[in-house]
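K.L.:
Residue numbers (the UniProt record's numbering): 1 to 904.
This is the structure:
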C-alpha cells in the first residue's frame with residue numbers, strides 16, 4: 001500500500017507509556033450502555049473474545065494493547081502516538097464486515113485524544129484529529145488495495161482531550177462519535193482509520209444497523225424490517241393478520257429510519273365467531289355469538305334463542321319462537337303479538353285520529369307502536385309513525401281520500417306482526433271562504449313589511465354607489481350580492497369610524513359582518529393560506545385505524561382525534577403519499593385552505609391539518625355512511641319520499657351557503673356528497689373548485705383539465721363558464737341520482753352522446769315513483785338559459801314547502817307521459833323491444849331474478865306483462881325497492897303496448 005511507518009509509544013518525555021489506556025479504562029468499559037433493541041450489531045470490538053484480525057500499516061504505527069477487565073474479558077485497544085516524528089501516515093484496517101442486507105450502517109467510536117498543547121515543546125506537527133474510511137466488497141479479498149481506493153467517511157475530532165495533568169489525576173475523558181454510511185450496494189465492507197500525527201487511543205468500535213422489530217399491532221403481525229438507506233425514508237410494510245382474523249385490505253405500517261413503527265393504517269378484525277382479547281382472536285363460547293367481523297365482541301344470544309357450539313355466528317330460535325329472514329341475528333326471536341282492535345276518532349279533511357287497545361299477549365312490556373299508513377291503492381308509497389301511546393293523529397292527508405292503516409307493537413323481544421288493514425276516509429273539501437278571505441290581508445301585510453324594510457335598509461346604505469346605480473335600490477343589491485361591491489366606490493357621510501372601514505384581504509374587499517370566499521391561489525405564498533384558514537394539529541393527537549378509500553394524493557383513512565380538553569371522536573384523514581413534489585403538497589393542502597373557510601351543518605367540517613410532520617394530513621369530520629351514491633345503491637328503495645327530500649334539502653342548504661359566499665363548486669355530484677348515520681348530507685370534495693372570476697379562462701382551471709360531462713351545464717361545457725347557475729344544473733342531476741337511488745345519469749350513453757342530446761333539448765326522464773313536484777324542480781334546474789334556473793335559496797324554500805306539506809308529494813309523474821329512455825337505450829336495436837325476459841330484467845338492473853321468473857313460467861314478455869304485486873311477493877321479491885322498480889317498468893311496458901310503441 002505504500003503506507004509509511006513511524007515509532008511506537010516509547011518512553012519519551014511527556015509521552016505516555018504502553019498500557020496506560022487499559023489501566024484507566026478497565027473499570028469503566030463494562031458500564032458502557034448496551035445497544036437499543038432496534039439496533040443490530042455487525043461488529044462490537046468489546047465483545048470479541050479472540051483476535052480481531054485487524055492489520056496495521058506500517059506495523060510500527062497503530063499498536064494493539066491486549067488487556068482484560070476485572071472479569072477477565074478481553075479489551076481490544078489500538079493506540080498510536082508518533083507526535084515526535086514528521087509526516088505520519090498510519091493506517092488501521094478492520095477485517096471484512098458483512099452488512100447482512102442493510103443498506104445504511106452506523107459506526108460508533110469510543111476514543112481518547114491527547115491535547116497537543118500539553119506535549120513538550122509545543123510540537124507544530126501534532127494533530128488532534130484522525131480520519132475514517134470504508135471500502136465495499138462482496139468478499140474478504142478487498143482489504144489489500146491501494147490507499148486511494150478507500151472512500152472517506154469523515155474527519156473525527158475529540159470533544160474532550162486529555163493532558164499530562166489528567167494522567168496524573170487518573171481522570172479519563174472518553175469521546176463517543178457516531179457516523180453513518182449509505183447506501184451500501186455490496187454484501188460487506190472494510191473500515192480503515194488513518195492517523196496523520198495525533199496521540200490517540202481507539203478504545204472500542206461498534207458497527208450496527210437499525211431495524212423496526214417484529215410486532216403485532218391491530219391484530220396484524222409485522223416482521224423485522226431493516227430501515228431504508230435514506231435518513232428521511234419511511235418504508236411501507238404490509239402486515240399479516242393473526243390467526244382467525246380477516247381484513248378487506250392488508251394493514252400497513254411505516255418503518256422509519258430510526259427503527260420506529262409509525263403511521264399504522266388499517267387493521268385486521270376477528271372473523272365471525274371470534275373476538276379480540278390480548279391481541280389475539282379467541283373463540284366465542286357456547287351461548288354467545290358474533291355475526292360479523294365488524295362486531296366488537298361476542299354477544300350473548302338474544303332473548304328466546306340459543307347456541308350450543310363454539311365459534312357461532314348466529315343463535316337458533318327456541319321452539320315456537322321465530323325470526324324473519326330479513327331480521328339481523330341480533331334481533332330477539334318473538335311470537336306474534338298483533339293489535340286487533342282499532343277505532344277512529346276525530347276526522348277532518350286533512351287528518352285522521354285513531355286509538356287502539358294493547359294486545360292481549362304482548363310478550364313483554366310494550367316499548368312503542370309503529371303505525372303504517374298509505375293512500376288506498378298507493379301501497380308502494382307509505383308513511384311510518386312511531387308512538388308510545390295508544391292514540392295518534394295522522395295529518396297532511398288529502399281531503400276526501402281513503403287511507404289504509406296498520407299497527408304493530410314492539411317489546412324487548414322485537415316487533416309483533418302488523419294488524420289487519422283498517423280503512424278510514426278523510427272529510428271532503430268544503431267551502432273555505434273564511435280561510436281564503438284572510439289571504440289578501442296577509443299578502444298586503446307582508447308586502448308592506450317588505451317595503452318598509454327596504455326603505456330602512458336604503459336609508460342606512462343610501463351612500464353606496466356603483467355602476468349598477470346609486471341610492472336605496474343599489475344598496476339593496478349590495479346587501480343581497482356582496483360580491484358586486486368589489487368593483488364599487490364607497491363613500492358615506494356622518495358614519496361611525498367602524499362603519500366606514502373597508503377591509504382588504506389579499507386583494508379582496510371584506511365587509512364587516514359579511515363572509516366572502518377567498519381563493520387560496522391569490523396568495524403569493526400558498527402556505528400562508530393554509531395556516532390562516534386551517535388549524536395545525538399535532539400528529540400525536542391522531543390515531544389512524546383503517547383505510548377506507550384512495551384519493552388523488554394518497555390514502556383516505558378513518559381514525560380518532562383527541563384534542564386537549566376534549567373527548568376523543570372519530571375523524572376522516574386524507575394522507576399525502578410519500579415522495580410528493582412541492583406542487584403536489586400545495587395542491588393537496590389547497591383543499592384544506594378552501595374547506596377551512598366554511599362553517600355550515602351541510603358542508604363537511606375541517607378539523608385541521610398536519611403539516612409539521614410526515615405524512616402530511618387533512619383531518620375532517622367522519623361521515624359513517626360514506627358517499628351518497630354508494631349509500632343509496634346499497635339501500636335501494638329503503639327510504640320514504642320525505643327522507644329523500646330531507647337529504648336533498650340538506651344538500652341545497654349547503655349549496656346556498658356556498659353560493660352566498662361567492663363560491664362555485666363545479667363538481668357537484670352524489671359521489672361528492674357525504675352522509676352520516678343520521679342521514680345528514682354534507683357537500684364535500686373541493687379539490688376541483690376555484691373562485692368565480694370574469695375571465696372565462698380563469699373561471700376554469702383544474703389539475704386534470706377534465707369536466708364531469710354528465711353533471712355539467714351546457715354553457716360550462718361549451719364555454720367553460722362556471723357560475724352558481726351551473727351548480728344549480730348539477731344539483732338537478734343530484735336530485736335525479738337521489739330519487740333513482742344512485743342510478744348513473746344517462747346510463748351507458750357516451751359523453752359525446754350526452755352533450756349532443758342535451759344540446760338538442762333532451763332531458764333525463766323522471767325516476768320511477770318520483771313525485772311530480774320534484775321532477776318539475778329538476779326540469780327547472782335544467783333550463784338551457786341559466787338565468788331561468790332557480791337560485792339555491794329558492795330551491796331550499798321550495799323543498800321546505802314540500803316537507804311541510806307531504807301530501808304535495810303524493811302526486812307522481814304520470815307513467816304514460818314519460819318517455820322510457822331506459823327501455824329504448826337498452827333495447828337490442830333501439831326499437832323498444834326486448835328479446836327475452838332476462839334481457840328486460842338486466843336492463844332495469846334486476847337480473848338476479850331471471851332464474852326465478854323462468855322457473856315459475858314467466859318465460860315470455862307476454863307472460864311478464866300480467867305479473868301483479870302479489871305475484872312478485874310469491875316469487876320471493878321481498879325488497880320494497882325492487883318491487884317498485886319491477887312494477888314501474890311493467891307499467892311503462894303496458895302503456896307503450898297500448899300506444900303501439902312496444903311489440904310484446
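Don't be surprised by glycine CBs; every beta carbon is placed ideally from N, CA and C.
1. Taking the straight line between their C-alpha atoms, what separation do you get for residue 792 and residue 652?
2. By a C-beta neighbour count over all protein chains shown, 10 Å radius and 16 as the cutoff for buried, is residue 208 buried or exposed?
3. Could you name the residues of the same chain whose beta carbon sits closer than 7 Å to that of residue 226, not counting the 5 residues immediately before and after it, in chain order?
4. Please decide whether residue 334 counts as near chain B, where near means a Cβ-Cβ distance under 8 Å.
5. Please identify the residue among 527, 379, 631, 664 whose C-alpha is closest to the C-alpha of residue 516.
6. Does the Cβ of residue 822 have 16 or more other Cβ atoms within 10 Å, making it buried, or fewer, making it exposed?
7. Please report the Cβ distance between residue 840 and residue 834, rounded to the nearest whole angstrom; I am assuming they are in contact, meaning their Cβ atoms lie under 8 Å.
8. Which residues in the same chain have their Cβ closer than 8 Å to the Cβ of residue 627, if we skip the five residues on either side of it in sequence?
9. Using beta-carbon positions only, say whether residue 272 and residue 302 come within less than 8 Å of one another.
10. Please classify residue 863: does DSSP put it in a helix, a strand, or coil?
11. Would you decide whether residue 395 is buried or exposed? Buried here means 16 or more other CB atoms lie within 10 Å of its CB.
12. Determine the extent of the beta strand (DSSP E) in which residue 51 is found, giving its start and end residues.
13. Is residue 781 near residue 747, with beta carbons less than 8 Å apart?
14. Specify the secondary structure class of residue 803 as computed by DSSP and reduced to three states.
15. Looking at the structure shown, is residue 874 part of a helix, part of a strand, or coil, going by DSSP?
16. How many whole angstroms separate the CB atoms of residue 668 and residue 655, which I take to be in contact at a CB cut-off of 8 Å?
17. What are the complete beta strand (DSSP E) segments, minimum 3 residues, inside the segment 581 to 668?
18. Output the distance between the C-alpha atoms of residue 259 and residue 231, rounded to the nearest integer angstrom.
19. Mind checking residue 104: buried by the 16 CB within 10 Å criterion, or exposed?
20. Can you check DSSP and say which residues form a bridge with residue 217?
21. Tell me whether residue 747 sits in a helix, a strand or coil according to DSSP, three-state version.
22. Do residue 963 and residue 322 have their C-beta atoms closer together than 8 Å?
23. State the DSSP-derived secondary structure class of residue 888, mapped to helix, strand or coil.
24. Spatial neighbours of residue 549 within its chain, please: C-beta separation below 6 Å, excluding the five flanking residues on both sides.
25. Identify every residue that forms a DSSP beta bridge with residue 136.
26. Between which two residues does the alpha helix (DSSP H) holding residue 777 run?
27. On the criterion of 16 or more Cβ atoms from any shown chain inside 10 Å, does residue 71 qualify as buried, or is it exposed?
28. Excluding the 5 residues preceding and the 5 following residue 206 in the sequence, name in chain order all residues of the same chain whose CB lies nearer than 6 Å to its CB.
29. Answer with buried or exposed for residue 320, where buried requires no fewer than 16 other C-beta atoms within 10 angstroms of its C-beta.
30. Return helix, strand or coil for residue 274, following the three-state DSSP convention.
31. Which residues in the same chain have their Cβ closer than 6 Å to the Cβ of residue 889, if we skip the five residues on either side of it in sequence?
32. Would you give the residue range spanned by the beta strand (DSSP E) that residue 63 belongs to?
33. In chain order, what are the residue ranges of uninterrupted beta strand (DSSP E) at least 3 long that sit wholly in the segment 528 to 576?
34. Suppose you measure from the CA of residue 759 to the CA of residue 784; what does that come to, to the nearest Å?
35. Nearest by alpha-carbon distance to residue 605: which of 134, 137, 621, 616 is it?
36. If the criterion is Cβ atoms closer than 8 Å, does the pair residue 411 and residue 365 meet it?
P.N.:
So, from the data block:
1. Numbered from 1 along the chain shown, position 792 holds the residue referred to as residue 792. Numbered from 1 along the chain shown, position 652 holds the residue referred to as residue 652. Taking the straight line joining both Cα atoms gives about 6 Å.
2. As a working mapping, residue 208 is identified with position 208 in the chain shown. The residue is buried, with at least 16 neighbouring Cβ atoms inside 10 Å.
3. As a working note, residue 226 is residue 226 in the chain shown. Answer for residue 226: 101, 102, 209, 211, listed in chain order.
4. As a matter of chain content, chain B is missing from the structure shown, which is built from one protein chain.
5. As a position in the chain shown, residue 516 is number 516, starting the count at 1. Of the listed residues, the one whose Cα sits closest to residue 516 is 664.
6. Counted from its first residue, the chain shown places residue 822 at position 822. Below a pLDDT of 50, predicted positions are generally treated as unreliable, and residue 822, at 37, falls in that range; no measurement from the model is reported.
7. What you label residue 840 is simply residue 840 of the chain shown in a count that begins at 1. What you label residue 834 is simply residue 834 of the chain shown in a count that begins at 1. The pair is a contact, with the Cβ atoms about 4 Å apart (cut-off 8 Å).
8. If you number the chain shown from 1, residue 627 lands on position 627. Excluding positions up to five away in sequence, the list reads 670, 671, 672, 673, 674, 675.
9. Numbered from its first residue, the chain shown carries residue 272 at position 272. Numbered from its first residue, the chain shown carries residue 302 at position 302. No, they are not a contact pair.
10. The sequence position of residue 863 within the chain shown is 863, counting from 1. Note: residue 863 maps to helix in three-state DSSP.
11. Sequence index remark: in the chain shown, residue 395 carries index 395 (1-based). Classification for residue 395: exposed.
12. Numbered from its first residue, the chain shown carries residue 51 at position 51. Note, residue 51: premise wrong, no beta strand (DSSP E); not H, not E.
13. Within the chain shown, residue 781 is the residue found at index 781, counting from 1. Within the chain shown, residue 747 is the residue found at index 747, counting from 1. Going by beta carbons, residue 781 and residue 747 fall outside the 8 Å limit.
14. As a position in the chain shown, residue 803 is number 803, starting the count at 1. The answer is helix: DSSP assigns residue 803 an H, G or I state.
15. Residue numbering aside, residue 874 sits at position 874 when the chain shown is read from its first letter. Correct three-state label for residue 874: helix.
16. Start at 1 with the first residue of the chain shown, and residue 668 comes out as number 668. Start at 1 with the first residue of the chain shown, and residue 655 comes out as number 655. Rounded, the Cβ-Cβ distance is 7 Å, consistent with contact.
17. 606 to 610, 617 to 621
18. Residue mapping note: residue 259 aligns to position 259 of the chain shown, counting from 1. Residue mapping note: residue 231 aligns to position 231 of the chain shown, counting from 1. Near 11 Å, if we compare the C-alpha coordinates of residue 231 and residue 259.
19. The sequence position of residue 104 within the chain shown is 104, counting from 1. Under this definition residue 104 is a buried residue.
20. By one-based count along the chain shown, residue 217 stands at place 217. Paired residue(s): 220.
21. Taking the first residue of the chain shown as 1, we reach residue 747 at position 747. DSSP places residue 747 in coil when its eight states are reduced to three.
22. Absent from the model: residue 963. The displayed extent of the chain is 1 to 904, so no value can be given.
23. As a working note, residue 888 is residue 888 in the chain shown. In this structure, residue 888 counts as helix in the three-state DSSP scheme.
24. Here the question's residue 549 lines up with position 549 in the chain shown. Closer than 6 Å at Cβ, skipping near neighbours: 556.
25. Stepping through the chain shown from its first residue, residue 136 is reached at position 136. DSSP lists 189 as the bridge partner or partners of residue 136.
26. Counted from its first residue, the chain shown places residue 777 at position 777. 772 to 781 is the extent of the alpha helix (DSSP H) around residue 777.
27. Within the chain shown, residue 71 is the residue found at index 71, counting from 1. When all chains shown are included, residue 71 counts as exposed.
28. The residue labelled residue 206 in the question sits at position 206 within the chain shown. Same-chain partners within the cutoff: 44, 108.
29. Position 320 of the chain shown, counted from the first residue, corresponds to residue 320. Classification for residue 320: exposed.
30. For the purposes of this step, residue 274 is taken as the residue at position 274 of the chain shown. Residue state, collapsed to three classes: strand.
31. On the chain shown, residue 889 is found 889 positions in, with the first residue counted as 1. Answer for residue 889: 844, listed in chain order.
32. Sequence index remark: in the chain shown, residue 63 carries index 63 (1-based). Looking at the DSSP string, the run of the beta strand (DSSP E) that includes residue 63 is 63 to 68.
33. 542 to 550, 555 to 561, 569 to 575
34. As a position in the chain shown, residue 759 is number 759, starting the count at 1. As a position in the chain shown, residue 784 is number 784, starting the count at 1. Rounded to the nearest angstrom, the two C-alpha atoms are 8 Å apart.
35. Mapped onto the chain shown, residue 605 falls at position 605. Measuring from the Cα of residue 605, the nearest candidate turns out to be 621.
36. Along the chain shown, read from residue 1 onward, the residue named residue 411 stands at position 411. Along the chain shown, read from residue 1 onward, the residue named residue 365 stands at position 365. Cβ atoms of residue 411 and residue 365: closer than 8 Å.
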